[in-house]
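To keep things clear, I will list the structure first and then write my remarks on it.
Protein chains: 2
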Amino acid sequence: MENSQGFVQHITAKSENYSQWYIDVILRAELADYSPVRGCMVIRPYGFGIWENIKELLDRRFKATGHKNAYFPLFIPESFLAKEAEHVEGFAPEVAWVTRAGNEELAEPLVVRPTSETIIGHMYSKWISSWRDLPVLINQWANVVRWEKTTRLFLRTSEFLWQEGHTCHRTQEEAEEETLKMLDVYRSFLTEDLAIPVLAGKKTEREKFAGAITTYCVEALMTDGRALQAGTSHNLGQNFAKVFDISFLDKDNQLKYVWQTSWGVSTRLIGGIIMVHGDERGLALPPRIAPIQVIVVPIMPPSSEETVLNVARDVVERLEKICRVELDSRDEYSPGWKFNEWELKGVPIRLEIGPRDIKAGKVVLVRRDTGEKTDVPMENLEDAVIDMLNSVQEGLYARAKRFMDENTHVTNDYGKFKAIIEEERGLIFAPWCGSQECEVSVKAETGATIRCIPMNACSKPGKCIHCGDDSTDWVYFAKAY
Amino acid sequence: MENSQGFVQHITAKSENYSQWYIDVILRAELADYSPVRGCMVIRPYGFGIWENIKELLDRRFKATGHKNAYFPLFIPESFLAKEAEHVEGFAPEVAWVTRAGNEELAEPLVVRPTSETIIGHMYSKWISSWRDLPVLINQWANVVRWEKTTRLFLRTSEFLWQEGHTCHRTQEEAEEETLKMLDVYRSFLTEDLAIPVLAGKKTEREKFAGAITTYCVEALMTDGRALQAGTSHNLGQNFAKVFDISFLDKDNQLKYVWQTSWGVSTRLIGGIIMVHGDERGLALPPRIAPIQVIVVPIMPPSSEETVLNVARDVVERLEKICRVELDSRDEYSPGWKFNEWELKGVPIRLEIGPRDIKAGKVVLVRRDTGEKTDVPMENLEDAVIDMLNSVQEGLYARAKRFMDENTHVTNDYGKFKAIIEEERGLIFAPWCGSQECEVSVKAETGATIRCIPMNACSKPGKCIHCGDDSTDWVYFAKAY
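Here the protein sequences line up with chains C and Z, keeping their order. Heads up: the first sequence runs through residues 1 to 481, numbered per this note's numbering. Heads up: the second sequence runs through residues 1001 to 1481, numbered per this note's numbering.
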C-alpha cells in the first residue's frame, strides 16, 4: 500500500478472484510478505500488531483459567517423535530436520518442533511424581515448523506462530473437562474478540489430531463459502503418558498415568479475520484486535494547515486515553488517498477534521464496516468513539453471523449436497452413518469434509447423505482451508 | 524445590561453590531445567514469569521510542549468511543446519537463525525505496540458536530467547544516535527495572559484533567478581546495506544506501539477576520483575484455621488490586517450610498472618532483601506494601551498586592487576595502548578481557597496563561469562 509515487494501488475484486483478493489485501495492507525461504512468511508490523492483540487477549483468558506460560526447546530428538505411533505417522512426513550443527554431523538428527507433546511429555515425567503435583496447566507461545507442500499466507505456512497448551490431570473426567473448557475459551474469544461466529464440535476419527483420543474444534465460515478450522482442543487420554511414563502416586498410594490435554490456535486466525470481515475495499478489523482503532485524518487547506493540525493533535491526545489512535499528518498524500488507504487497512473508525468542522465545534466519524458518517460534537468525542467502537465490533459479528446462517444448508439429498458444495455456498448440515468409507467417498466425490459433529447433537433420525443407511449423527460438511 | 516428601532441599553454599550454587538456585527455585537436547534448556513457569515481565517492561520502552514489533523467518538460506564476510566468519562455526525437510534433501541448506541481520536486510531491500520510508524501526522477539560447546543455564544455551532490534536510517548521524539511544534504553531498564548497575561503553575491535562498525554494550558485575555482557547495541554502518542492496532515493534525488543499527538482550538477563541479587538463601528478585511480589503465608493452628484463611483471603483480594500477590494455603507444609521456600524463590515480601495478628488488627511484612520484619496495621496495608516494594527495589540496587563500586579497582600496575583477576575481585579500570596485541596477551596471561571503553572517556594520561606505552584509553578489564 505504501507507495512513494503517491497513488493507491488497487486490490483485485473480491467477487472476481477471491484468492488473489486475499493475497492483495495482505500484501497491500502490509500485514505480511513472502520470504526468500520457501513457504515461510514475514509478518510485518501492522500484521504483527494484530497478533500482539490476539496474544494479549487470549493470554488473559488462559491466565484467568489458571494456566501459566513456559518455554520448551525448539528441537526434539528423533527418537521422541517416534514413541507415539499415530503421532509420528501424522507428523514425520512434514518435519524439518537438523542434521548438522557447529560443523559436526549430529549423532541423532533433531526435529524442528511441529508441535511439542513429546518433548513436553518427557519433561512432565521428570516433574510429576505425586497427585499433589497435579493438575499441571502450562501454555507455550512459540514458533513451529511443518514443511507444507502448498502454502498460503497466514493459512498454511511452513513456519507459523501459535500457542500450545499442555495439561496433565489426575482423572479422565478432569482432562475431558479441561478439553471442553479450553474449547469454550476459543469459542468465546473468537465470537467476542474476533467477531467471528463459530461452530463448536468434535472431529471424526479421521480428522482428529495424531495421538489424541478426541479432538474438538471451532470452525468458522469464510465469505467464499469454505470452512476454516480456527482452533482445536485435544483430549490425549493416556497415550503420551504411557510412552513417556508420566506417572504419579495417587491418594490411594497407587502409581497411575496422568490424563492429558493439548490445545492450540495459530497465526492462521489472522487469515480468518481477513476472510470473514474483509470486503471489496480491503480489510475490516474488529476494534478489539485492531492495532489502530481510530485514524485521525486532518483536512488541511494550505491557509489553515496549522490550526487544523493543532486541533487534530488535541483530539489524538484526548483519544489516546481511551483507545489506540493515530494521526495521519503526512502532507504528500491527499485526504482522499488516505481514506482509501486506511479503509484498505481496515481501521474501524476514521475521524475527519477540517476548518469547517472546527468552526462548528465537531468532528466527523466514519465507520469502516458500513461507511456511515456521523457528526459528533467535540464535547461528546470520547463517548461517541467508545460507542462506535462497540457498535462496529457488534456490527461485524452480526454481519458474519447472518452470513453463516444464510449459508448453512440442511439437506439429506446428495444431489443438492453436491450442487451446494460445487457452487461454494457454505456449510451443509446432513446426516451421516458414522463410517469412514462414506466420509472418504464424500470427500473424493465433492471435496467436502466433515468439519465437526456439533456439541449439541441433533437427535433427529436421518439417513446417511452418502449411503442412505440410518445415521448416527448429523454433522457439518464443507470444503475447507 | 517442590518436593512431595515435604522437606526443603538445600542449596549449595554460595561462598563454597558459586557455580553449583547458581545451578541449585535455578533448579530448586524451578526457574529452568535441563532438556534432553544438548545445550537447550526448558524455562519453567516461574522463570518464564520473570521473562514475561522483562518483555513487557522492555517492550514498553521500545514502543515509547517509536519501535514496532514484527516477525521474520526462523530459517535463513546459507547464501545469505555468506554475503557479509565478517558476519559469516563470526557465526558459521556455531550454527545449526536444516538439510532435510518433508522427506527431501534441501537443494540449499538452511541456517537456523543465530541472529537476523541477513534475512531482515533482504526484506528491507524490498520495502525501502524512498527517504519517506525511513527510518524503519523494527524489533523482533524470537528464539535464536547458536550451537555452543560449553553451555550454562540462562547464560549460554544453544537455543535462547531474545529481542533483536533492526533499524534503517537516512544518515550516519541518525544511525549513531539510534545506537546510543537504545544503549541508554538498556542502561535505564537494567538499573531501574532489574536493579542492576551497569557500565555503559564501547567494545574494542576484537570484541565487537561480527559485521558491525561499532558495538556498544552494558556490562554488569556478578557477585563472584566476573562481568556479564548484558546487552549490546551495534552501529552497522552500511555493511549490510551494501551486500543486501538496501538503498533509497534521497531528497536530493540520489540513490543511497541506508545506515543501520541492531541491538539485543536475551534470557541471559535472568542469569544476571540471579548472580547480582541472589544470596545464601537463594534468589532475590527485584519487585518490578518478580512474578510474585507478595506471598501471603497464613499461620494456622487447627483451632483457628478457617478464621485465618478467611482473613488471608481478604488480604489477598485487597492486594491483588495493587500488586502481584499469591496465597500459600497448602496444608501439607509448615509455615517454616514455606518461609524457606519463598525465600529461595526470591519473593520480595512475605506477609505473615496468624490468630494473634488478627486479634491485634495487623499483619507482619518480611523483606526478602534484609529479612527485616515490620508490623503493619490492617488499615495501612496497601500503602505499606507499595512502600516496601519500592524500598526493596531500591535496596537491591543500592546493595549491587555498593558491591560494584567496592569491586572496581584502578591500577596501572600489571602485578596488582594479575592478583586482582586471580583472586576474582572484580573490575579493573586501567590504561591501555589500544593495540590488539596487548589485549590478546592480557587475556592469555590472566583470562581477563576488555569489557568496554567507557562512554565518558577518562582523559588522564597513562601507560598501558601491559606494554607500558602511552595509553589511548582507560578501559574496564574483567573475567567475563
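Virtual Cβ for every residue (Gly too), placed ideally from N, Cα, C.
Closer than 7 Å at the beta carbon, the chain Z residues around residue i
i: I273 of chain C; result: The premise fails here: I273 of chain C is roughly 17 Å from chain Z at the closest Cβ pair, so nothing lies under 7 Å.
i: R324 of chain C; result: Under the 7 Å cutoff, chain Z gives no residues; its nearest Cβ is about 11 Å from R324 of chain C.
i: P93 of chain C; result: G1102, N1103
i: E178 of chain C; result: The contacting residues do not exist; E178 of chain C stays about 17 Å from chain Z at best.
First through last residue of the alpha helix (DSSP H) which encompasses residue i
i: M388 of chain C; result: 381-406
i: H339 of chain C; result: Note on identity: in this sequence residue 339 of chain C is Phe, with His being the wrong assignment. From DSSP, the alpha helix (DSSP H) with F339 of chain C extends over 335-344.
i: N1310 of chain Z; result: 1305-1320
Assigned secondary structure, residue i (DSSP; H/G/I helix, E/B strand, else coil)
i: N253 of chain C; result: coil
i: I1128 of chain Z; result: coil
i: V243 of chain C; result: helix
i: S262 of chain C; result: strand
i: V198 of chain C; result: coil
i: M1041 of chain Z; result: strand
i: I1292 of chain Z; result: coil
i: I1213 of chain Z; result: coil
i: K443 of chain C; result: helix
i: A1082 of chain Z; result: helix
i: Q1172 of chain Z; result: helix
i: N1143 of chain Z; result: strand
i: K373 of chain C; result: strand
i: A230 of chain C; result: strand
i: K548 of chain C; result: For chain C, the structure presents residues 1 to 481; residue 548 of chain C sits outside this window and is missing.
i: E1352 of chain Z; result: strand
i: H1409 of chain Z; result: strand
i: G1438 of chain Z; result: Here residue 1438 of chain Z is Cys; the residue named in the question, Gly, does not match the sequence. Of the three classes helix, strand and coil, the one that applies to C1438 of chain Z here is helix, per DSSP.
Under 8 Å by beta carbon: chain C residues contacting residue i
i: C1040 of chain Z; result: P73, L74, F75
i: R1318 of chain Z; result: Those do not exist, as R1318 of chain Z stays about 19 Å from chain C at its closest Cβ, beyond 8 Å.
Extent of the continuous beta strand (DSSP E) run through residue i
i: E104 of chain C; result: 104-112
i: W1147 of chain Z; result: Careful: W1147 of chain Z lies outside any beta strand (DSSP E) and carries neither H nor E.
i: L1327 of chain Z; result: 1325-1327
i: P355 of chain C; result: Segment 355-359 is the alpha helix (DSSP H) holding P355 of chain C; no beta strand (DSSP E) there.
i: A1430 of chain Z; result: 1427-1432
i: L161 of chain C; result: 159-169
i: A70 of chain C; result: That residue, A70 of chain C, is in no beta strand (DSSP E); it is neither H nor E in DSSP.
i: L283 of chain C; result: First-last for L283 of chain C: undefined, no H or E at that position.
Interface partners of residue i on chain C, CB under 7 Å
i: H1122 of chain Z; result: P36
i: L1344 of chain Z; result: Result: empty, since nearest Cβ-Cβ is about 17 Å, beyond 7 Å.
i: L1161 of chain Z; result: Y71
i: I1043 of chain Z; result: A70, Y71
i: E1052 of chain Z; result: N69
Contacts of residue i in chain C (Cβ-Cβ under 9 Å)
i: A1082 of chain Z; result: Within 9 Å Cβ-Cβ: nothing; A1082 of chain Z doesn't reach chain C, min ~14 Å.
i: V1145 of chain Z; result: L74, F75, V98, A101
i: E1117 of chain Z; result: In chain order: nothing, as chain C lies at least about 14 Å away.
i: L1110 of chain Z; result: V37, A96
Cβ-based burial, residue i [other Cβ within 10 Å; buried from 16]
i: F7 of chain C; result: Only weak support is given to the placement of F7 of chain C: the predicted model assigns it a pLDDT of 44, under 50, and the question is left unresolved by the model.
i: E1002 of chain Z; result: Caution is warranted here: a pLDDT of 42 is assigned to E1002 of chain Z, below 50, making its placement in the model unreliable, and no coordinate value can be reported.
i: S471 of chain C; result: buried
i: N380 of chain C; result: exposed
i: E219 of chain C; result: buried
i: T1370 of chain Z; result: exposed
i: H166 of chain C; result: buried
i: D976 of chain Z; result: With chain Z represented from 1001 up to 1481, any question about residue 976 of chain Z goes unanswered, as that position is not in the structure.
i: H169 of chain C; result: buried
Partners in chain Z for residue i, counting only beta-carbon separations shorter than 8 Å
i: R48 of chain C; result: Note that residue 48 of chain C is Phe in the sequence shown here, rather than Arg. Going along chain Z in sequence order, the residues near F48 of chain C (Cβ under 8 Å) are K1068, N1069, A1070, Y1071.
Near the ligand COA: residue i beta-carbon under 8 Å from a heavy atom
i: V198 of chain C; result: For the ligand COA, the structure offers nothing, since it holds no ligand at all.
is_contact[residue i, chain B] using C-beta, thresh 9 Å
i: K126 of chain C; result: The structure shown contains no chain B; its protein chains are C and Z.
Three CB pairs or more closer than 8 Å across the segment 191-201 of chain C and the segment 450-469 of chain C: Using a Cβ-Cβ distance cut-off of 8 Å, the segment 191-201 of chain C and the segment 450-469 of chain C are in contact, since at least three pairs of beta carbons, one from each stretch, lie closer than that value.
Contact the segment 128-137 of chain C vs the segment 271-279 of chain C: 3+ CB pairs below 8 Å: As far as the Cβ criterion goes, the segment 128-137 of chain C does not touch the segment 271-279 of chain C, which means the pair count is below three.
Cβ contact check for the segment 16-34 of chain C and the segment 91-109 of chain C: 3 or more pairs under 8 Å: No, the segment 16-34 of chain C is not in contact with the segment 91-109 of chain C.
The segment 1238-1246 of chain Z / the segment 1152-1162 of chain Z touching (three or more Cβ pairs under 8 Å): The answer is no - the segment 1152-1162 of chain Z does not touch the segment 1238-1246 of chain Z, with fewer than three Cβ pairs under 8 Å.
Three or more C-beta pairs below 8 Å linking the segment 91-99 of chain C and the segment 43-61 of chain C: As far as the Cβ criterion goes, the segment 91-99 of chain C does not touch the segment 43-61 of chain C, which means the pair count is below three.
Cβ pair count under 8 Å reaching 3, the segment 229-237 of chain C against the segment 179-188 of chain C: Here the segment 229-237 of chain C lies against the segment 179-188 of chain C, with 3 or more beta-carbon pairs under 8 Å apart.
Cβ pair count under 8 Å reaching 3, the segment 1416-1424 of chain Z against the segment 1383-1397 of chain Z: With the cut-off at 8 Å, the segment 1416-1424 of chain Z and the segment 1383-1397 of chain Z do not touch.
The segment 1057-1073 of chain Z / the segment 37-49 of chain C touching (three or more Cβ pairs under 8 Å): They touch, by the three-pair rule.
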